[in-house]
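Sequence order for the protein chains is A and B.
Position one of the first sequence corresponds to residue -2 (our numbering), numbered consecutively onward.
Position one of the second sequence corresponds to residue -2 (our numbering), numbered consecutively onward.
Below is one structure, written out as structure tokens; the observations come after it.
Protein chains: 2
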Amino acid sequence: MTQLTRRHLLAGAGAAVVAPFAAPMPAQAAAPLAGKQAPGFYRYMVGSHEVTVVTDGARSFPLTASYVTNAKLEDVGKALEAIHMPKDRMTQHYAPIVVNTGSKLVVIDTGSGPNAYAQTKGELGQFATNLAAAGIDPKAVDTVIISHFHNDHVSGLIGADKKLAFPNAEVMVPATEWKFWMDDGEMSRASKGRMEGLFRINRTVFDALNRKVTPYDWNKEIAPGITSVATVGHSIGHTSFVIASGSSKVFVQSDVTNHPGVFARNPGWAGAFDQDPAQAVATRAKVYDMLVAEKMLVQGFHYPFPGLAYVEKTGSGYLEIPAPWNPTI
Amino acid sequence: MTQLTRRHLLAGAGAAVVAPFAAPMPAQAAAPLAGKQAPGFYRYMVGSHEVTVVTDGARSFPLTASYVTNAKLEDVGKALEAIHMPKDRMTQHYAPIVVNTGSKLVVIDTGSGPNAYAQTKGELGQFATNLAAAGIDPKAVDTVIISHFHNDHVSGLIGADKKLAFPNAEVMVPATEWKFWMDDGEMSRASKGRMEGLFRINRTVFDALNRKVTPYDWNKEIAPGITSVATVGHSIGHTSFVIASGSSKVFVQSDVTNHPGVFARNPGWAGAFDQDPAQAVATRAKVYDMLVAEKMLVQGFHYPFPGLAYVEKTGSGYLEIPAPWNPTI
């Protein structure tokens, strides 16, 4: 009706005069696409401790036989399909966390840093940007705790200007990890390729810090309410953490699994990055049995953001159940 | 060592002079807690359509026998415990979406509106704030599509100033729903309490729009790439949508289930808000069997944010598997 009425009204007027109005409006474009994801942070309380999960990004790459070292490529592909991923392409997720204990602002792990941001065209190395979006000033960080000395956990210690990303923070590192990676003898015996590369990256990062770190031991409260727990295998000094406040606690698993859809569902699988595969698998079973028994929340560095989940036991492994997003904290 | 050295160094100096430095630093407080959740929006592409999920919030309330009308309270409590919720307290989630089709900016459902924001102290009625955080101008919205005439879907049509929240938008409503809720005879026969209240709310909302709406039928492309699908039972004209672009599609289920942890896991359960419980249960089975068979993503208004998931069939019902958060879109 509207169109008919409009045509009728226009019919009596001179064509030249009404042309700008009479011509059909060009199909109006909607507002331009935003093309930009929401800021990648999420907050929750553990007692009076405020945890902010801050994603460093996610990265996709072709699945190869080396990704899981003790399973057939075909079976790994099937595992990916079972979690609705393409069978020939893996996507990995990365998320450090920040804990405000009320007296200390603590960062746990730091992401892959600005080099990775450039190399991956922004897929990784988002930690600094998302920290800013979360309103967290790197200069206000009191403590950085490193879980283990792999690139995606330590490289964010150095900023885009090659200066310290957290200039006022004490940097705490697992004593076992520190001893191993800073040992020249170990470095000289490192296998070519991955291990050699990790030694080189660790030397670059920690030399930029003038090797000014505080090594920490296991089973210690290394920051208020944050206790270090040995979960070795993935690396020689790989460490997880319990954040506890009041009657609440969460287990910060670090890399006890990589993507839970692959390695929690198939806990016997060893990843390419597991330094001691048998030990990594044994540690995983122990930790996940504990999470199930204690109905304890787990925060996973390589879980899809925001990475907070419950764990259930299945016939063949474990199933992560993401904790529901709380819109109000 | 550091402490000993410091004490040693200080020992030789005059106490008065060094006092300001020698005194132990007061325990320095960390940066104040942020106390504020991340903006509640999330983006993903369906072909060339950009979808922004925008949370309206979440609300907790004591579980009562009326919440599920055909199950024992004890069994519902067990279902809540099974998804790691307290057995006596339900939390409901609410999330409208915005679809930028490239030629139209379309809002699907609008949340509980500013009255709910005031009544719930900000737990609900967050849609307008989160839209702003997502950079979406309500004035730029071309079309608002309503799935059904329940308070938490329609009340956000009206802004805090009691004016139209989307002043330039065509408001599209299911024809069946429109006929029912605007029928004075139906209103006069409405049962006291809930149904009567819904009639009153719908009259208030749509009278504020001068009843200027465009009723739509089912199985029609009512906006570019957005097709209406009858999924009745929850209400007489309850509608879902398929968003399709290129080879991608997603099923926007509206209220085919409320919280999937309760109603997808227990698909035979009828909710307090199901107008025709038997029909709602039948529709749910049909839709979820289709989602499983087609391995189709579902976007759920009452799923925990961001509400995008795959669905798997279990022995007793359906399990939703949240799609992984993509940090880069």
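The beta-carbon is built from N, C-alpha and C at its ideal position, and this holds for glycine as well.
Since this is a predicted model, take the numbers as computed values, not measurements.
Original post:
Does any residue of chain A bring its CB to less than 8 Å from the CB of L102 (chain B)?
Top reply: yes
**OP:** Answer with buried or exposed for F18 (chain B), where buried requires no fewer than 16 other C-beta atoms within 10 angstroms of its C-beta.
**Re:** The predicted position of F18 (chain B) is uncertain, since its pLDDT is 40 and thus under 50; a value taken from the coordinates is nonetheless stated next. The residue is exposed, with fewer than 16 neighbouring Cβ atoms inside 10 Å.
Original post:
Between E183 (chain A) and the rest of its own chain, which residues show a CB-CB distance below 8 Å, the 5 nearest in sequence each way excluded?
Top reply: F177 and F196
Original post:
Which first and last residues belong to the alpha helix (DSSP H) in which T280 (chain B) is found?
Top reply: That run of the alpha helix (DSSP H) goes P274 to A290.
**OP:** Quick one: list the residues of chain B neighbouring E120 (chain A), beta-carbon separation under 7 Å, in chain order.
**Re:** T325
**OP:** Let me know if Q116 (chain B) comes out buried or exposed under the rule of 16 or more other beta-carbons within 10 Å of its beta-carbon.
**Re:** exposed
Original post:
Does any C-beta atom of chain A lie closer than 8 Å to the C-beta of W322 (chain B)?
Top reply: yes
**OP:** From the DSSP output, read off the bridge partner residues of P212 (chain B).
**Re:** B:V170
Original post:
For K217 (chain A), which residues of its own chain have a beta-carbon under 6 Å away from its beta-carbon, when the five flanking residues on both sides are left out?
Top reply: S225
Subject >> Burial state of R262 (chain B), where buried means 16 or more other Cβ atoms lie within 10 Å >> reply: buried
**OP:** Quick one: using the 10 Å Cβ neighbour count with 16 as the cut-off for buried, is S188 (chain B) buried or exposed?
**Re:** The residue is exposed, with fewer than 16 neighbouring Cβ atoms inside 10 Å.
Original post:
DSSP three-state call for G258 (chain B): helix, strand or coil?
Top reply: If DSSP states are grouped into helix, strand and coil, G258 (chain B) belongs with the helices.
Original post:
How should G108 (chain B) be labelled, buried or exposed, when 16 other C-beta atoms within 10 angstroms of its C-beta is the threshold for buried?
Top reply: buried
Subject >> Residue-chain proximity (R40 (chain B), chain A), Cβ-Cβ < 8 Å >> reply: yes
**OP:** With 8 Å as the threshold, decide whether the Cβ of A27 (chain B) is near any Cβ in chain A.
**Re:** yes
Subject >> Nearest-angstrom Cα separation, counted from A162 (chain A) out to A241 (chain A) >> reply: 27 Å
**OP:** Please confirm if E47 (chain B) has its CB atom under 8 Å from at least one CB of chain A.
**Re:** yes
Subject >> Reduced DSSP category for P93 (chain A) - H, G, I as helix; E, B as strand; rest coil >> reply: coil
Subject >> Contacts of Q123 (chain B) in chain A (Cβ-Cβ under 9 Å) >> reply: By Cβ distance, chain A contributes P324 and T325.
Subject >> chain B contact for A31 (chain A) (CB, 8 Å cutoff) >> reply: yes
Original post:
What first and last residue would you give for the alpha helix (DSSP H) that runs through G194 (chain B)?
Top reply: R191 to A205
Original post:
Do I223 (chain A) and V65 (chain A) have their C-beta atoms closer together than 8 Å?
Top reply: no
**OP:** Express the C-alpha separation of L121 (chain B) and A113 (chain B) in angstroms, rounding to a whole number.
**Re:** A113 (chain B) and L121 (chain B): Cα-Cα distance of roughly 6 Å.
Subject >> Alpha-carbon spacing of F302 (chain A) relative to Y285 (chain A), whole angstroms >> reply: 19 Å
Subject >> Within-8 Å CB hit, G44 (chain B) to chain A >> reply: no
Subject >> Endpoints, alpha helix (DSSP H) assigned at S188 (chain A) >> reply: It is not in any alpha helix (DSSP H) - S188 (chain A) carries neither H nor E in the DSSP assignment.
Subject >> chain A within 8 Å of Y114 (chain B), Cβ atoms only >> reply: no
Original post:
In chain A, which residues lie with their C-beta within 9 Å of the C-beta of N97 (chain B)?
Top reply: A27, A28, P29, L30 and A31
Subject >> For S232 (chain B) and A277 (chain B), the rounded distance between their alpha carbons >> reply: Between A277 (chain B) and S232 (chain B), the C-alpha separation is close to 8 Å.
Original post:
Applying a beta-carbon distance threshold of less than 8 Å, which residues of chain A neighbour I143 (chain B)?
Top reply: The premise fails here: I143 (chain B) is roughly 19 Å from chain A at the closest Cβ pair, so nothing lies under 8 Å.
Original post:
Would DSSP call P23 (chain A) helix, strand or coil?
Top reply: Residue confidence is low: P23 (chain A) scores 46 on pLDDT, short of 50, so the model does not pin down where it sits. Its coordinate-derived value is still stated next. Coil.
**OP:** Kindly give me the distance between the Cβ atoms of P319 (chain B) and P319 (chain A), rounded to whole angstroms, as I take these residues to be in contact under 8 Å.
**Re:** Indeed they touch by this definition, with Cβ atoms about 5 Å apart.
Original post:
Does F302 (chain B) have its Cβ less than 8 Å from a Cβ in chain A?
Top reply: So, interface residue.
**OP:** Determine which residues share a DSSP beta bridge with M87 (chain A) and list them.
**Re:** A:F58
Subject >> Which listed residue (A:F298, A:M287, A:T325 and A:P321) has its alpha carbon closest to that of Y315 (chain A) >> reply: A:M287
Original post:
Sorted by chain position, which residues of the same chain lie with C-beta nearer than 8 Å to G74 (chain A)'s C-beta, five sequence neighbours on each side aside?
Top reply: Here the set comprises L60, K84 and D85.
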